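Here's the structure we're looking at; comments come further down.
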């Protein structure tokens, strides 16, 4: 799906992860969320530590995105959930951007540097958000939602991180 990798340090020793690694940790429920977590890291890590590889256990996150796929991606790479360096804050949502884009906001911090990224327009589809929120979906709607999750993951992973997330 993607040849991109994420590299962080653990006590000065490199650890490298692929999207497939993150999916193996997460399972199969939310591939789009895992892809978002992957791209957030791919976009923000090079902007911290003056381009050096950061120590994984010193990276922290504030976000309005609470999806389990994104959470699991961040946890596997940085151990942020286990070590209480992930804060889900609904008030960070940029509601002026509309329901589809509002929650895809991330503040990634490392050693006093914070990188703020948000989803670019056109990455998340309105249909995906509407179906995800819908109660009592039919079997056909559930199948469509599963398709949209996979399609979003494939689409996101095919793009450079700079085309998925912008800094602000």
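In the working numbering, the protein residues as written are 549 to 716.
Glycine residues also receive a C-beta, built at the ideal position from the N, C-alpha and C atoms.
Note that the structure is a prediction, hence the values are computed from the model and not measured.
*Quick one: residues in its chain with C-beta nearer than 8 Å to the C-beta of residue 639, no 5 flanking neighbours on either side, listed in chain order?*
For this step, residue 639 is matched to residue 91 along the chain shown. Around residue 639: 612.
*Specify the secondary structure class of residue 567 as computed by DSSP and reduced to three states.*
Numbered from its first residue, the chain shown carries residue 567 at position 19. Note: residue 567 maps to helix in three-state DSSP.
*Which residue from 676, 587, 661 and 619 puts its Cα closest to that of residue 648?*
The count along the chain shown starts at 1 and reaches residue 648 at position 100. It is 676 whose Cα lies nearest to the Cα of residue 648.
*asked:* I'd like the ranges of any alpha helix (DSSP H) spanning at least 4 consecutive residues and lying wholly in the segment 690-716.
replied: 709-712
*asked:* With DSSP as the reference, identify every bridge partner of residue 562, one or two as the case may be.
replied: Position 14 of the chain shown, counted from the start, is the residue given in the question as residue 562. DSSP, once it has assigned bridges, lists 557 as partnering residue 562.
*asked:* Assuming residue 604 and residue 655 are in contact, meaning their beta carbons sit under 8 Å apart, how far apart are those beta carbons, in whole angstroms?
replied: Residue mapping note: residue 604 aligns to position 56 of the chain shown, counting from 1. Residue mapping note: residue 655 aligns to position 107 of the chain shown, counting from 1. That belief does not hold up - the Cβ atoms of residue 604 and residue 655 are roughly 17 Å apart, past 8 Å.
*If you draw a straight line from the alpha carbon of residue 594 to that of residue 650, how long is it in whole angstroms?*
Reading the chain shown from its first residue, position 46 is the one you call residue 594. Reading the chain shown from its first residue, position 102 is the one you call residue 650. Rounded to whole angstroms, residue 594 to residue 650 spans 24 Å at the Cα level.
_Please identify the residue among 588, 607 and 645 whose C-alpha is closest to the C-alpha of residue 712._
In the chain shown, the residue the question calls residue 712 occupies position 164. That would be 588, whose Cα lies nearest to the Cα of residue 712.
_Please return the same chain residues whose Cβ sits closer than 6 Å to the Cβ of residue 672, not counting the five positions on each side in sequence._
In the chain shown, the residue the question calls residue 672 occupies position 124. Correct list, in chain order: 648.
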